[in-house]
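Trainee: Under our numbering, residue 400 is the last one in the sequence shown; the count climbs by one each step, no gaps. All C-beta atoms, glycine included, are put in the ideal place defined by N, C-alpha and C.
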Amino acid sequence: MSAPAPLLRRATAEGLGTAALVAVVVGSGIQATELTHDVGTRLLANSLATVFGLGVLIALLGPVSGAHFNPAVTLAAWFTGRRTGEDTTLRDVAAYVPAQIAGAITGAVLADAMFGKPLARLSSHDRFSGQLWLGEIVATAGLVWLIFGLARAGRGHLAPPLVASYIGSAYWFTSSTSFANPAVTIGRAFTDSFAGIAPTSVLPFLAAQVLGAAAGLGLVALCFGRPDGEREAETVVPHETQRPAAPTRPPEESALA
């Protein structure tokens, strides 16, 4: 097994990945708004871009940092692995979460800059409603259930297409269009565009996401029981240190290969 990437590199990957994700979400929303007046078509374009972008980012950066891009996922990974001290530690949380938030804000500003919009203008898109908070609880619970369920089942390698597909579907079946991510929520407050959220709506969304993450972990425990060692540590996709070593071949077979 290869050595884990240094914490600075992993945190950098988390920041860059979150920035790229928010740039995809915000940028595709701006592009869709400029191309059509139909709200349904805008949402379709926004969700499709997010599905493809998220899948690529998980596949690319998962082997480096685990591809959390989400403080709720990072905290859930720490909570589930706290008994063994493996994988996500409090030191990782302290590095990942600020990197994710900073990356999300950077991604929103970058998207605005690419389309010639005012930079770092706070959103005026009010999302203050009980039904939206319920949608965020459902969206985040489903996301955590999926991620850690795949890990418990030993199918973390399927995360890139499945996590991206879930987020794409949750755009449509939840009332909140599935932010499901505290860092992304904060970042989207810094763009007054189709994908934005007013600062006054952020805190209830964050609270709903924390509740959803806790509910998602409850669903994982209910469906998969207690974790078993190494599988507990897999988050989104297995890190390089969590990949099994290649089987040893006889010398003559190795020579032929």
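(1) For LEU265, name the three-state secondary structure that DSSP assigns.
(2) Ordered along the chain, which non-local residues of its own chain (more than five positions away) have a Cβ less than 6 Å from that of LEU156?
(3) For VAL281, which residues in the same chain have their Cβ closer than 6 Å to its Cβ, ignoring the five residues on either side in sequence?
(4) With a threshold of 6 Å on Cβ separation, who are the neighbours of GLY339 within its own chain once the five nearest residues in sequence on each side are excluded?
(5) Would you report the Cα separation of THR217 and ASP181, rounded to the nearest angstrom?
(6) Applying the criterion that 16 or more other CB atoms from any shown protein chain within 10 Å of the CB defines a buried residue, is GLU396 buried or exposed?
(7) Starting from PRO303, trace the alpha helix (DSSP H) both ways and give me its first and last residue.
(8) Are the beta-carbon atoms belonging to PRO261 and VAL240 less than 9 Å from one another?
(9) Are the CB atoms of GLN174 and ALA188 within a distance shorter than 9 Å?
(10) If SER336 sits next to THR176, beta carbons under 8 Å apart, how far is it from one beta carbon to the other, in whole angstroms?
(11) May I ask you to report which of helix, strand or coil DSSP gives MET144?
(12) When the Cβ atoms of the region 244 to 261 are set against those of the region 288 to 308, are three or more pairs found closer than 8 Å?
(13) Going by beta-carbon coordinates alone, are VAL169 and ASP255 separated by less than 9 Å?
(14) Identify whether THR161 lies in helix, strand or coil by the three-state DSSP scheme.
(15) Over the uninterrupted alpha helix (DSSP H) stretch that includes ALA284, give me the two end residues.
(16) As a quick exercise: from SER171, PRO325, LEU289, pick the residue whose alpha carbon is nearest that of LEU191.
(17) What's the C-alpha gap between ALA326 and ALA364?
(18) How many angstroms separate the CA atom of SER312 from the CA atom of ASN324?
(19) Using the rule of at least 16 other Cβ atoms within 10 Å of the residue's Cβ for burial, across every protein chain shown, is PRO303 buried or exposed?
(20) Could you pull the start and end residues of the alpha helix (DSSP H) that ALA323 belongs to?
(21) Just verifying my parser: in three-state terms, what is the DSSP assignment at ARG298?
(22) Quick one: what does DSSP say GLU235 is sitting in, helix, strand or coil?
(23) In terms of residues, what are the limits of the alpha helix (DSSP H) holding ARG185?
(24) Which word fits TRP315, buried or exposed, when buried means at least 16 other C-beta atoms lie within 10 angstroms of its C-beta?
(25) Quick check: the Cα distance between GLY278 and VAL194, rounded to an integer number of angstroms?
Mentor: On the basis of the coordinates in this document:
(1) coil
(2) Per the sequence presented here, residue 156 reads as Ala, with Leu not at that position. Answer for ALA156: LEU204, VAL207, SER208, listed in chain order.
(3) THR317
(4) SER266, HIS268, ARG331
(5) 36 Å
(6) The pLDDT assigned to GLU396 is 38, lower than 50, so where the model puts this residue is not dependable, and the model offers no usable value.
(7) 302 to 316
(8) no
(9) yes
(10) 7 Å
(11) Since pLDDT at MET144 reaches only 47, below the 50 mark, its modelled position is unreliable, and no value is offered.
(12) no
(13) yes
(14) helix
(15) 273 to 295
(16) SER171
(17) 25 Å
(18) 15 Å
(19) buried
(20) Where ALA323 is concerned, there is no enclosing alpha helix (DSSP H), given that its DSSP letter is neither H nor E.
(21) coil
(22) In the sequence under discussion, the amino acid at residue 235 is Asp, which differs from the Glu named in the question. Note: ASP235 maps to helix in three-state DSSP.
(23) 182 to 208
(24) exposed
(25) 19 Å
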